[in-house]
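Under this note's numbering, think of the first position of the sequence shown as 872, with each following residue one higher. Idealized CB from N, CA, C, for every residue including glycine. A quick note: this is a predicted structure, and the numbers were derived from the prediction, not measured. Working notes, structure below.
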Amino acid sequence: MAKRALITGITGQDGSYMAELLLSKDYEVHGIIRRASTFNTQRLDHVYNDPHKPGARLFLHFGDLSSGEQLSNLIYNVEPNEIYHLGAQSHVRVSFDMPEYTGDTTALGTTRMLEAIRRSGIRTKFYQASSSEMFGSAPPPQNESTPFHPRSPYGAAKLYSYWMTVNYREGYGLFASNGILFNHESPRRGETFVTRKITRAVAHIVAGKQQDLYLGNLDAKRDWGYAPEYVEGMWRILQQEDASDFVLGTGEEHSVREFLEEAFSYAGLDWERYVKTDPKYLRPTEVDCLIADCARARHRLAWEPRITFTELVRIMVDADLEAAGLPAIGEGNKILASKFHSWHQWNSSVSPASQLVDGRVRVME
Ligand code: NAP
Ligand code: G4F
């Protein structure tokens, strides 16, 4: 029988890739989306199929991490074999402006999910989207044994969720695992995260639609990987016999400045002509350097990222050029075709977008 999965945050970068991956593995996929007055399912439209048609395997339900009631109903009714808890207020800078809201969604939202599982009595596997932000000022490289020292309300909220996941595993025997993921990016990355902000600006500058790019701290160093590879890692974490925690990252570090150099020079531009500083993008406390030591994931999960930093930048710039109505330079698309042939087949097992209801995803009310 096909496995059933429930995804929170299915409309986000990782949630949409996870839905695609699971559909390609013949899962029945249920996702929780927030009620909004406008559609926010753009990242999913291409894998959606009218739920009234035979063979539909992707189902969306309204719910919100700030309310446990609906989460309990859904877990009880869907009875998923696997739960990928990816929903969160995920922006670090925003968490300084909205610390209480971030705590409610990113921290307590996890407790609501874990309690709903415990009370339902359903046997399921739970994945918690933990973050390298939890390491904060701990010196790199960071692995599963590195002591945490978060430097933002977001990092603190994720750390609470991390320990709640461990506590429900130890206290109630739940299969509950943390993936401690370092930054992962893609053409589906939200536009206000630094990588996408840069690659989108490059495309808009080439298109003549933008003159300047305002950024904050250019010295911060991150371990940036390619998001589709990371959702495969999440899936592998839940295929283990025992619940456990894993760090996923590339092991390579690059500064925001290096990202700028790579992205602008790929499009034949000099970044220093366009980039300006706006202090509003600085954080009261910064995380200076994150570098993953993911030896454990390599050995236990046989997980190894294939896309390098330069390749990631090219994939994202090519995609943003195309999104701006310009031809891609082409290197990024070649990399995807050569290294990711199978990933491009992900959505071949679901119906084309033309079968959407009114051209859009329909939610099960
Ligand atoms: P993302 O693109 O920001 O997606 C976040 C998702 O959470 C969206 O679907 C969003 O829905 C949903 N959400 C936010 N608040 C919610 C609420 N109150 N109720 C229900 N859903 C809510 O994030 P991502 O990059 O895919 O990351 C996925 C998860 O991994 C997040 O938990 C993030 O914190 C964590 N993480 C990410 C990275 C990374 O580098 N990407 C690294 C480590 C950990 P809307 O579409 O309606 O906003
Ligand atoms: O792209 P960022 O906003 O990502 P950040 O803060 O590392 O958080 C992301 O990765 C975490 C994993 O480590 C996730 F848990 C989290 O959900 C999120 O996905 O910022 C990266 C760096 C920071 O040091 C920031 O100060 O870029 C610097 N930066 C410089 N100028 C900027 C900007 N960041 C943003 N968002 N916008 C700027 O203008």
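Query raised in the report: Bridge partners of Lys1092, per DSSP?
Result: Counting from one through the sequence shown, the residue named residue 1092 turns up at place 221. Lys1092 is bridged to Ser1126 and Cys1160.
Report task. Examine the ligand G4F and report whether any of its heavy atoms sits within less than 8 Å of the Cβ of Arg959. Result -> Within the sequence shown, numbered from 1, the residue matching residue 959 stands at position 88. In the sequence under discussion, the amino acid at residue 959 is Ala, which differs from the Arg named in the question. Under cutoff, so the answer is yes.
Query raised in the report: DSSP beta-bridge partners for Asn1049?
Result: In the sequence shown, counting from the first residue as 1, residue 1049 sits at position 178. Paired residues: Gln999.
Query raised in the report: Is Phe1053 near the ligand G4F, with its Cβ less than 8 Å from a heavy atom?
Result: By 1-based counting over the sequence shown, the position of residue 1053 is 182. Under cutoff, so the answer is yes.
Query raised in the report: Between Gln884 and Arg1059, is the Cβ-Cβ spacing less than 9 Å?
Result: The residue you call residue 884 lines up with position 13 of the sequence shown. The residue you call residue 1059 lines up with position 188 of the sequence shown. Cβ atoms of Gln884 and Arg1059: closer than 9 Å.
Query - Which listed residue (Leu1045, Ala1047, Gly1050 and Arg1071) has its alpha carbon closest to that of Ser1057 - result: What you label residue 1057 is simply residue 186 of the sequence shown in a count that begins at 1. Taking only the C-alpha atoms, the option nearest Ser1057 is Arg1071.
Requested in this report: Please look up how many angstroms separate the CB atoms of Ala1091 and Leu1052, rounded, as I've assumed it's under 8 Å.
Outcome: Counting from one through the sequence shown, the residue named residue 1091 turns up at place 220. Counting from one through the sequence shown, the residue named residue 1052 turns up at place 181. No, Ala1091 and Leu1052 are not in contact; Cβ-Cβ is about 17 Å, not under 8 Å.
Report task. Under 8 Å by Cβ, that's how I've got Gly1079 and Pro1024 pegged, so tell me the actual separation to the nearest angstrom. Result -> Working through the sequence shown from its first residue, we reach residue 1079 at position 208. Working through the sequence shown from its first residue, we reach residue 1024 at position 153. In fact, because the Cβ distance is near 39 Å, the residues do not count as touching under 8 Å.
Query raised in the report: Would the C-beta of Tyr998 count as close to the ligand G4F, meaning under 8 Å from any of its heavy atoms?
Result: In the sequence shown, the residue the question calls residue 998 occupies position 127. Tyr998 Cβ: outside cutoff for every heavy atom of the ligand G4F.
Requested in this report: Could you tell me the boundaries of the beta strand (DSSP E) in which Ile1200 lies?
Outcome: Translated into positions along the sequence shown, residue 1200 becomes position 329. From DSSP, Ile1200 is part of no beta strand (DSSP E); its letter is neither H nor E.
Query raised in the report: Do the segment 1168–1188 and the segment 1140–1153 make contact, defined as three or more Cβ pairs closer than 8 Å?
Result: No, the segment 1168–1188 is not in contact with the segment 1140–1153.
Query raised in the report: Mind checking whether the beta-carbon of Thr909 lies closer than 8 Å to any heavy atom of the ligand NAP?
Result: On the sequence shown, residue 909 is found 38 positions in, with the first residue counted as 1. Checking the Cβ of Thr909 against the ligand NAP gives no.
Requested in this report: Check the DSSP bridge columns for Val900 and list the partner residues they point to.
Outcome: Locating residue 900 in the sequence shown gives position 29, where the first residue counts as 1. Per DSSP, Ala876 and Leu929.
Query raised in the report: By how many angstroms is the C-alpha of Arg1040 removed from the C-alpha of Glu986?
Result: One-based indexing of the sequence shown puts residue 986 at position 115. One-based indexing of the sequence shown puts residue 1040 at position 169. If I take the Cα positions, the gap works out to 12 Å.
Report task. Specify, as a first and last residue, the run of the beta strand (DSSP E) that Thr1148 falls within. Result -> In the sequence shown, counting from the first residue as 1, residue 1148 sits at position 277. Under the DSSP assignment, Thr1148 falls in the beta strand (DSSP E) whose first and last residues are Val1146 to Thr1148.
Query raised in the report: If we call anything under 9 Å between Cβ atoms a contact, is Phe1046 one with Asp1113?
Result: Here the question's residue 1046 lines up with position 175 in the sequence shown. Here the question's residue 1113 lines up with position 242 in the sequence shown. In contact: Phe1046 and Asp1113 (Cβ atoms closer than 9 Å).
Query - Boundaries of the beta strand (DSSP E) in which Ile954 is found, first to last residue - result: Position 83 of the sequence shown, counted from the start, is the residue given in the question as residue 954. Per DSSP, Ile954 belongs to the beta strand (DSSP E) from Glu953 to His956.
Query - Segments of 4+ residues assigned as alpha helix (DSSP H) that fall wholly inside the segment 960–1000 - result: Within the segment 960–1000, the complete alpha helix (DSSP H) runs of at least 4 residues are 963–968, 970–973 and 980–991.
Query raised in the report: What's the gap between the Cα of Ala876 and the Cα of Tyr1097?
Result: Within the sequence shown, numbered from 1, the residue matching residue 876 stands at position 5. Within the sequence shown, numbered from 1, the residue matching residue 1097 stands at position 226. One C-alpha to the other measures close to 23 Å.
Query raised in the report: In its own chain, which residues sit with a C-beta less than 6 Å from the C-beta of Val1184, not counting the 5 before and 5 after it?
Result: What you label residue 1184 is simply residue 313 of the sequence shown in a count that begins at 1. So the qualifying residues of the chain are Glu1133 and Ala1134.
Query raised in the report: Between the Cα of Gly1201 and the Cα atoms of Asn911, Ala1190 and Val1065, which residue gives the shortest distance?
Result: As a first step, residue 1201 is located in the sequence shown; it is residue number 330 there, counting from the start. Measuring from the Cα of Gly1201, the nearest candidate turns out to be Ala1190.
Query raised in the report: Helix, strand or coil: which one does DSSP assign to Tyr919?
Result: Mapped onto the sequence shown, residue 919 falls at position 48. Coil, per DSSP.
Query - Bridge-paired residues (DSSP) for Phe1117 - result: Here residue 1117 is taken as the residue at index 246 of the sequence shown, counted from 1. For Phe1117, which the question treats as bridged, DSSP gives the partners Gly1050.
Query - Residues that DSSP places opposite Tyr1085 in a beta bridge - result: Locating residue 1085 in the sequence shown gives position 214, where the first residue counts as 1. BP columns for Tyr1085 point to Lys1147.
Query raised in the report: Candidates Ala1163, Ser938, Gly1061 and Gly1139: which alpha carbon is nearest Ser1003's?
Result: Translated into the one-based positions of the sequence shown, residue 1003 becomes position 132. With distances taken between CA atoms, Ser1003 lies nearest to Ala1163 out of Ala1163, Ser938, Gly1061 and Gly1139.
Query raised in the report: With respect to 8 Å, is the separation between the Cβ of Thr1066 and the closest non-hydrogen atom of the ligand G4F below this value?
Result: What you label residue 1066 is simply residue 195 of the sequence shown in a count that begins at 1. It does: the Cβ of Thr1066 is within 8 Å (strictly closer) of some heavy atom of the ligand G4F.
**Report entry** Segment contact flag, the segment 1003–1014 with the segment 1156–1174, C-beta cutoff 8 Å, min 3 pairs
**Finding:** The segment 1003–1014, when compared against the segment 1156–1174, does touch it at the 8 Å Cβ threshold.
Query - Buried versus exposed, by CB contacts within 10 Å (16 or more), Tyr1094 - result: Position 223 of the sequence shown, counted from the first residue, corresponds to residue 1094. According to the sequence provided, residue 1094 is Asp. The question's Tyr does not apply to it. Buried, since its Cβ has 16 or more Cβ neighbours within 10 Å.
Query raised in the report: How many whole angstroms separate the CB atoms of Trp1174 and Leu1119, which I take to be in contact at a CB cut-off of 8 Å?
Result: As a position in the sequence shown, residue 1174 is number 303, starting the count at 1. As a position in the sequence shown, residue 1119 is number 248, starting the count at 1. Going by Cβ atoms, the distance from Trp1174 to Leu1119 rounds to 7 Å, so yes, they are a contact pair.
Query raised in the report: Hey, is Lys1029 close to the ligand NAP, as in C-beta under 8 Å from one of its heavy atoms?
Result: Within the sequence shown, numbered from 1, the residue matching residue 1029 stands at position 158. In terms of side-chain proximity, the C-beta atom of Lys1029 is found nearer than 8 Å to a non-hydrogen atom of the ligand NAP.
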